[in-house]
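For the sequence shown, the residue numbers in the working numbering are 49 to 148. Note that the Cβ used here is the ideal one computed from N, Cα and C, for glycine as well. Treat the numbers as computed from the prediction; the structure is a model and nothing was measured. Structure, as structure tokens:
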Amino acid sequence: MNVAIDYDETYTLDPTVWNKIINLLLESGHKVYCVTKRYEAIADDIKEALDIPIIYAMRSKLEAVNAAEISIDIWIDDKPQSIIPYSKPHKNAPFRGMGV
Ligand SMILES: [Mg+2]
């Protein structure tokens with residue numbers, strides 16, 4: 049299982065708890081990635097806090113992991129709308145951000 053965790057306002061809300069969860073996932077044979085909307089140039093604190101691969105998403109997070117050829121099974125994120133590429137909302141989309 050590949051798990052993506054956001055940093056700002058997700059991991060940062062309780063690093064102690066998230067470190068336990070990340071370590072449990074890693075020890076159980078899963079992969080965990082930090083996927084952030086930050087620029088790498090301003091991510092020194094993320095690099096210092098986490099010992100997992102960091103993916104910097106300049107557009108949507110889904111596009112960033114696709115570019116890195118990683119398929120995420122589970123997303124942990126305080127802003128799920130940052131995962132899906134932005135598109136004009138389709139009139140029948142069940143929720144905002146889903147377009148065609
Ligand atoms: Mg966040």
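Bridge partners - residue i, DSSP secondary structure assignment
i, result
"Ile-70", "DSSP output for Ile-70 lists no bridge partner at all."
"Ile-53", "Cys-82, Ile-124"
"Ile-102", "Cys-82"
Three-state class that DSSP yields for residue i in the structure shown
i, result
"Lys-109", "helix"
"Thr-58", "coil"
"Ile-94", "helix"
"Ala-115", "helix"
"Pro-63", "helix"
"Ser-135", "coil"
"Ser-76", "coil"
Whole-number beta carbon distance between residue j and residue i, since they are thought to touch under 8 Å
i, j, result
"Thr-58", "Asp-126", "5 Å"
"Ile-103", "Ala-116", "6 Å"
"Ser-108", "Ser-130", "7 Å"
"Ile-100", "Ile-69", "Actually they are not in contact, since the Cβ atoms of Ile-100 and Ile-69 sit about 12 Å apart, beyond 8 Å."
"Thr-84", "Asp-54", "6 Å"
Reference residue i, options the options, closest by Cα
i, options, result
"Ala-91", "Asp-56, Ser-76, Gln-129", "Asp-56"
"Val-80", "Ala-112, Ile-132, Ile-118, Ala-89", "Ile-118"
"Tyr-87", "Asp-54, Asp-93, Ser-130, Met-106", "Met-106"
"Ala-97", "Glu-75, Cys-82, Ala-52, Ser-135", "Cys-82"
"Ala-52", "Ser-130, Trp-123, Ile-132", "Trp-123"
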